[in-house]
Amino acid sequence: MPVLALISAVLVVTLEQYVEWKYGIAGIIGLLLLTVGIKAHSPGVSSAGALLLALLVTRPAL
C-alpha cells in the first residue's frame, strides 16, 4: 500500500510541475480550482477550473 501512495504522489507532483512549466501560474490556478471543486463536490468551482485549463490549452488555436 505505501508503494501505491508513493507512486500516486510522484504522479501528482509531476503533473503539477508540467502544468506550471507549460501554462504558468494560470495553469496551476486552473488545476487547483478543478481539484478543490472535485473534492468539495462543487460543480461551479470545478467547472471554472476546467474552463480555465481548456482556455489555456486551446489558446494557440484561437
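In this note's numbering, the protein residues as written are 4 to 65. All C-beta atoms in this analysis are idealised placements derived from N, C-alpha and C, irrespective of residue type, glycine included. Predicted model only: the values in this text are computed from it and were never measured.
Residue interval of the alpha helix (DSSP H) (run including residue i)
| i | result |
| --- | --- |
| Ala29 | Pro5 to Lys42 |
Assigned secondary structure, residue i (DSSP; H/G/I helix, E/B strand, else coil)
| i | result |
| --- | --- |
| Ser45 | coil |
Spatial distance of residue i from residue j (CA atoms)
| i | j | result |
| --- | --- | --- |
| Leu36 | Ala53 | 8 Å |
| Glu19 | Ile31 | 7 Å |
| Pro46 | Ala12 | 25 Å |
| Val22 | Leu7 | 23 Å |
6 Å Cβ shell around residue i - same chain, five flanking residues per side excluded
| i | result |
| --- | --- |
| Ser49 | Leu37, Gly40 and Ile41 |
| Gly33 | Gly52, Leu55 and Leu56 |
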